[in-house]
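Report on the structure given below.
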Amino acid sequence: MSQEKNVKITMDIDSLRSELRDNSVRVIDVRREEDYKKSHIPNAVNLPLANLLSDDSPERVVKLVNTIGIDDETPVVVYDDTFGALASRVAWTLEYLGHSKVSLLETTFSKWKSLGLEHDDKIPQIQSKEHTIQLNSEILSTTDYLETSKNKPNVLLIDNRERLNYLEQHIPGAINLPYRTLATQDKILRPKEDMKRLLDNRGITGEFEIITYCGSVGTLSGLAYYALKSIGLSNIKLYVRSFKEWKGLEKPTVKQEDAHYWDLSAE
Amino acid sequence: MTLSESVNSNPISSKSKINWGKMEEAEDFAATVKLYRQGKFDEDSFRRYRLQHGAYGTRMTNDYAMVRIKLPAGEVYPYQLEKISQLSEQFSIGSAHFSTRENIQLHWVVLEDVSEILRGLADVGLTSREACGNSVRNVMCSPLSGVCPDEEFDSTPYALATARFFLRNPLSQSLPRKFKFNFTCCEKHGMVRMVDVGLISQTRDLDGSTQKGFKIFLGGGLGNKSFVGHQLEEFTPEEDLLYTSIAVIRIFDRLGDRKNMARNRMRYLVNDMGWEKFRNLVLKERAIVRATQSVVTRLDVDHAPNLIKRPIQISDESGGSIPEGYARWIKTSTLKQKQSEYHSVFITLEAGDITSNQLISLASIIQEFSSEGNARTGFIQNIAIRYVHEEDLPRLYSKLLGVGLAKSGSLTMAAPVGCSGTTSCNLALTNSHRLAKEIQRKFLELKLDQDDDLSDSSIKISGCPNACAQHGIATIGFFGGGGRVGKEMYPNYQMSLGGRSDGETTLGSTCHRIPAKRVIPVILKIIELFKENKKSNDTLKDWLHRIINGKEDTAIKSMHDMKIALDFLTIPPTKEEDPDFYNDYGSDSSYHTKTGKGECAA
Numbered sequence: 006m007s008q009e010k011n012v013k014i015t016m017d018i019d020s021l022r023s024e025l026r027d028n029s030v031r032v033i034d035v036r037r038e039e040d041y042k043k044s045h046i047p048n049a050v051n052l053p054l055a056n057l058l059s060d061d062s063p064e065r066v067v068k069l070v071n072t073i074g075i076d077d078e079t080p081v082v083v084y085d086d087t088f089g090a091l092a093s094r095v096a097w098t099l100e101y102l103g104h105s106k107v108s109l110l111e112t113t114f115s116k117w118k119s120l121g122l123e124h125d126d127k128i129p130q131i132q133s134k135e136h137t138i139q140l141n142s143e144i145l146s147t148t149d150y151l152e153t154s155k156n157k158p159n160v161l162l163i164d165n166r167e168r169l170n171y172l173e174q175h176i177p178g179a180i181n182l183p184y185r186t187l188a189t190q191d192k193i194l195r196p197k198e199d200m201k202r203l204l205d206n207r208g209i210t211g212e213f214e215i216i217t218y219c220g221s222v223g224t225l226s227g228l229a230y231y232a233l234k235s236i237g238l239s240n241i242k243l244y245v246r247s248f249k250e251w252k253g254l255e256k257p258t259v260k261q262e263d264a265h266y267w268d269l270s271a272e
Numbered sequence: 382m383t384l385s386e387s388v389n390s391n392p393i394s395s396k397s398k399i400n401w402g403k404m405e406e407a408e409d410f411a412a413t414v415k416l417y418r419q420g421k422f423d424e425d426s427f428r429r430y431r432l433q434h435g436a437y438g439t440r441m442t443n444d445y446a447m448v449r450i451k452l453p454a455g456e457v458y459p460y461q462l463e464k465i466s467q468l469s470e471q472f473s474i475g476s477a478h479f480s481t482r483e484n485i486q487l488h489w490v491v492l493e494d495v496s497e498i499l500r501g502l503a504d505v506g507l508t509s510r511e512a513c514g515n516s517v518r519n520v521m522c523s524p525l526s527g528v529c530p531d532e533e534f535d536s537t538p539y540a541l542a543t544a545r546f547f548l549r550n551p552l553s554q555s556l557p558r559k560f561k562f563n564f565t566c567c568e569k570h571g572m573v574r575m576v577d578v579g580l581i582s583q584t585r586d587l588d589g590s591t592q593k594g595f596k597i598f599l600g601g602g603l604g605n606k607s608f609v610g611h612q613l614e615e616f617t618p619e620e621d622l623l624y625t626s627i628a629v630i631r632i633f634d635r636l637g638d639r640k641n642m643a644r645n646r647m648r649y650l651v652n653d654m655g656w657e658k659f660r661n662l663v664l665k666e667r668a669i670v671r672a673t674q675s676v677v678t679r680l681d682v683d684h685a686p687n688l689i690k691r692p693i694q695i696s697d698e699s700g701g702s703i704p705e706g707y708a709r710w711i712k713t714s715t716l717k718q719k720q721s722e723y724h725s726v727f728i729t730l731e732a733g734d735i736t737s738n739q740l741i742s743l744a745s746i747i748q749e750f751s752s753e754g755n756a757r758t759g760f761i762q763n764i765a766i767r768y769v770h771e772e773d774l775p776r777l778y779s780k781l782l783g784v785g786l787a788k789s790g791s792l793t794m795a796a797p798v799g800c801s802g803t804t805s806c807n808l809a810l811t812n813s814h815r816l817a818k819e820i821q822r823k824f825l826e827l828k829l830d831q832d833d834d835l836s837d838s839s840i841k842i843s844g845c846p847n848a849c850a851q852h853g854i855a856t857i858g859f860f861g862g863g864g865r866v867g868k869e870m871y872p873n874y875q876m877s878l879g880g881r882s883d884g885e886t887t888l889g890s891t892c893h894r895i896p897a898k899r900v901i902p903v904i905l906k907i908i909e910l911f912k913e914n915k916k917s918n919d920t921l922k923d924w925l926h927r928i929i930n931g932k933e934d935t936a937i938k939s940m941h942d943m944k945i946a947l948d949f950l951t952i953p954p955t956k957e958e959d960p961d962f963y964n965d966y967g968s969d970s971s972y973h974t975k976t977g978k979g980e981c982a983a
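Residue numbers (the working numbering), protein chains in the order written: chain A, 6 to 272; chain B, 382 to 983.
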């Protein structure tokens, strides 16, 4: 725990650029391979989220991590082009594996490029490394875990999907914190003070054990996981299989009744 | 400052001169919600507080609110629309809603997040303060004020000054009921007789010089019971504008009914007392106000002319072809201004809804095309981009088309108004909101927007007998209710015909009750009957006006004849014959009425 506290949740652009110059960090680009090949942050390695999700058992993940040159001590920075949600899911997977030195880039690759910062299409040569498996099961919620703990008074369940989806159907007892709420125009997460005020207003505080979930694979809720960590909360779990599995298992759901809210949307 | 911050500071090209916002109110709201949730604030006081800050209740739940953002005189700037876009994406449903009173509403906001919206609004000089509750509501002004060919002078600075005077003024914090001002340019474009105080700019010659002033109408209003306003006097000079407003509000404050919630708008006071008596009271009170506060209390009217500067063309696309539909759009969605070479472009939104992405596009389009650097919301859930140079119109059309904002028929019957209905309102009985969208789609599909006979008519649909959609002044108006066949219920609308809000303001005459799923066929049938019986140069509006006034001599002479002609469309089929008849729009389950507590009167 104490070691984790020294790792920043997000790494700012200036710091990453200096770490890149010192070659003291492993940068992971989680976009699709074709996008990565066109251009990426210099020396970044590619680990497409879809590839990771095709089998995210620890045994396979550790192999992937080894081939991109990450051992237990390698500082890692992850970025995407999807407001941080995909990067969060990859970062969380590393954490789950037992890696403790992972940060998110504070912005997206598009923003990085639009600022005129360096990027290229060179594929770096990576020396394989050996990572251990020390599962950090404290940050994972399974369906069983969620079901047994969600009604405890000290447990807070957060749904990070958009408002209309939440109104239509959600896990009983969940509150809704849409992922858009967490970001600013430029950064994947609000500044700490801003985030703290927002979450305090919603009663999301350190007195709770918090479980986050979203639609299917834990990306939007992965971002929320880091949003909560960014204000110093520590007892957080990601329900990584999220609403898709919950519904698939035909668990109970609730809906906001007697209102035609979908017809207010201009979509 | 980090690198990313320094690069991203967008220049703001045009900025509002007035800051309506107040950051402390956001902080206070957050603190008050916490106290309320801890049980340290009773329901009633909290509701009053919430409404005073512009947060209205939501259908069947205490967890959500609707935040009503006031746009005094309808003025809104690109950077403000960008902020509203962000807020709608973060805290609402990814869409925003333009109201009939120049407000923009964000629905389904978690009560605990309202303070974050207030904070964002204060950042860009906007407020929702006194947008709900028993206060002076948003001061409206015709979107054509300043550009209307028929106006005497621009009312906008007076509307803004009036809004400034009453906002946060102790006079308007706890009135018997809400109180509304509408300013307008001319008889045709305003709604001055359907509001507590309606004002049209006027001039007169006084000793060889021109004096500015207003025609003021008092005591009008639409609702469960509607009244047409009365003209106070021939001419009210501009110096008397504020004194008159204060006098009227003081009388309402003193004598208005604070007990009977259903009858406490000022129009009931005027009606109960009788116009002559009310008028004398106002004139007497005004003399007192004038005598006691002559110097200190003044309207702060900003007469500095707005800067009109045609934005520099970014690229020359004059060689490109004009997209299809341009002529239809020009005809039905734009108006020539009194300033030669300039046009006002009206954007109709389906029942007032716009996505957060469209708001962002709209902001940049306003910046690119409006020579006054801002836009004006209108009376029918729409928005106008004014001072568009005529040479820029084809390019503007392409841009709007690209983001789904170039619907034709903005200024015709093909732009119906629908209140929020059962999409969010506690009082609603039907999904009037969706019905308005369905009618618009049908009208555009049939190209009825291009029919000159229909262009000055209107369709307005409220989801309950209250009149948020202003159905009483529609050429064809509807308000929702429930119908019944045995034990089965179906959504139903009371239809009224012949309403209008111009110089000959008339409340629509009650006609049939029309089942929701028959509303579109009935409208089309009325148009068909009109076409069969019309005189040359006739419009639907004139034809219906003659019918309700007993002055029509063809097949449909009276409302009775009309009812008979429409009878066949009002008979409910059995549930076996047509199960869809028993569902409201937007719903696949059987219709039943369900309402919560209204908050207008809280």
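Virtual Cβ for every residue (Gly too), placed ideally from N, Cα, C. Note that the structure is a prediction, hence the values are computed from the model and not measured.
Asked                                                                                                                                                                                                : Found
Count the other CB atoms, across all protein chains shown, that sit within 10 Å of the CB of residue 929 of chain B; report buried if there are 16 or more and exposed otherwise.                    : buried
Cutting at 6 angstroms between CB atoms, please list the residues of its own chain near residue 747 of chain B, excluding the five before and the five after it.                                     : 459, 756, 766
Leaving out the 5 sequence neighbours to the left and right, which residues in its chain are closer than 6 angstroms to residue 48 of chain A when beta-carbon positions are compared?               : 129
Count the C-beta pairs between the region 726-734 of chain B and the region 778-791 of chain B that are closer than 8 angstroms, then say yes if the count reaches three, no if not.                 : yes
Between residue 270 of chain A and chain B, is the shortest Cβ-Cβ distance under 8 angstroms, so that the two count as touching?                                                                     : yes
At which residue ranges does the region 80-118 of chain A contain complete beta strand (DSSP E) runs of 3 or more residues, listed in the order of the chain?                                        : 81-84, 107-110
Using DSSP's beta-bridge definition, name the partner residues of residue 843 of chain B.                                                                                                            : B:860
Can you tell me where the alpha helix (DSSP H) with residue 66 of chain A in it begins and where it stops?                                                                                           : 63-72
For the pair the region 177-195 of chain A and the region 469-480 of chain B, tell me if three or more CB-CB distances fall below 8 angstroms.                                                       : yes
Along chain A, which residues have their Cβ under 9 angstroms away from the Cβ of residue 489 of chain B?                                                                                            : 168, 169, 172, 261, 264, 266, 269
Can you pull the chain A neighbours of residue 815 of chain B, defined as C-beta to C-beta under 7 angstroms?                                                                                        : 265, 268
Please state whether the Cβ-Cβ distance between residue 837 of chain B and residue 568 of chain B is less than 8 angstroms.                                                                          : no
Please tell me whether residue 295 of chain A has its Cβ less than 8 angstroms away from any Cβ of chain B.                                                                                          : Absent from the model: residue 295 of chain A. The displayed extent of chain A is 6 to 272, so no value can be given.
Mapping DSSP to helix, strand and coil, what is residue 272 of chain A?                                                                                                                              : coil
Classify residue 618 of chain B as helix, strand or coil using the three-state DSSP reduction.                                                                                                       : strand
Among residues of its own chain, excluding the 5 on either side of residue 543 of chain B, which ones have a beta-carbon nearer than 8 angstroms to its beta-carbon?                                 : 520, 562, 564, 622, 623, 626, 680
Contact defined as beta carbons within less than 8 angstroms: I believe residue 168 of chain A pairs with residue 219 of chain A. What is the distance between those atoms, to the nearest angstrom? : Contact flag wrong, Cβ pair sits at about 13 angstroms.
Kindly list, in the order they appear in chain A, the residues whose Cβ is closer than 9 angstroms to that of residue 471 of chain B.                                                                : 183, 185, 186, 187, 188
Is the Cβ-Cβ distance between residue 1003 of chain B and residue 853 of chain B less than 8 angstroms?                                                                                              : Past the boundaries of the shown model lies residue 1003 of chain B; chain B is included only from 382 to 983, so the question cannot be answered.
Residue 816 of chain B and residue 908 of chain B: beta carbons closer than 8 angstroms?                                                                                                             : no
Do the CB positions of residue 966 of chain B and residue 897 of chain B come within less than 8 angstroms of each other?                                                                            : yes
Work out the CA separation of residue 503 of chain B and residue 684 of chain B for me, nearest whole Å.                                                                                             : 25 angstroms
How about residue 684 of chain B: is its C-beta nearer than 8 angstroms to some C-beta of chain A?                                                                                                   : no
For residue 787 of chain B, which residues in chain A fall below 8 angstroms Cβ to Cβ?                                                                                                               : By Cβ distance, chain A contributes nothing, its closest Cβ being about 14 angstroms from residue 787 of chain B, past 8 angstroms.
Along chain A, in chain order, which residues have C-beta atoms closer than 9 angstroms to that of residue 441 of chain B?                                                                           : 261, 262, 263, 264
Are the beta-carbon atoms of residue 112 of chain A and residue 33 of chain A separated by less than 8 angstroms?                                                                                    : no
What residues in its chain sit with their C-beta under 6 angstroms from that of residue 244 of chain A, if we drop five residues either side in the sequence?                                        : 146, 151, 216, 218
When the Cα atoms are used, what is the spatial distance from residue 646 of chain B to residue 266 of chain A?                                                                                      : 30 angstroms
Spatial neighbours of residue 686 of chain B within its chain, please: C-beta separation below 6 angstroms, excluding the five flanking residues on both sides.                                      : none
Could you spell out the range, first to last residue, of the beta strand (DSSP E) harbouring residue 881 of chain B?                                                                                 : No beta strand (DSSP E) holds residue 881 of chain B; DSSP gives it neither H nor E.
Quick one: which residues of the region 14-29 of chain A get their C-beta closer than 8 angstroms to a C-beta of chain B? List them in chain order.                                                  : 17, 18, 19
In the DSSP assignment, find the alpha helix (DSSP H) that holds residue 986 of chain B and state where it starts and stops.                                                                         : Any answer about residue 986 of chain B is impossible in this case: the structure gives chain B only from 382 up to 983.
Do residue 598 of chain B and residue 611 of chain B have their beta-carbon atoms positioned less than 8 angstroms apart in this structure?                                                          : yes
Can the beta-carbon of residue 745 of chain B be found closer than 8 angstroms to that of residue 800 of chain B?                                                                                    : no
Taking CB distances under 8 angstroms as the criterion, tell me whether residue 612 of chain B reaches chain A.                                                                                      : no
At 8 angstroms on the CB atoms, spell out the chain B contacts of residue 206 of chain A, in chain order.                                                                                            : 411, 414, 415, 493, 494, 496, 497
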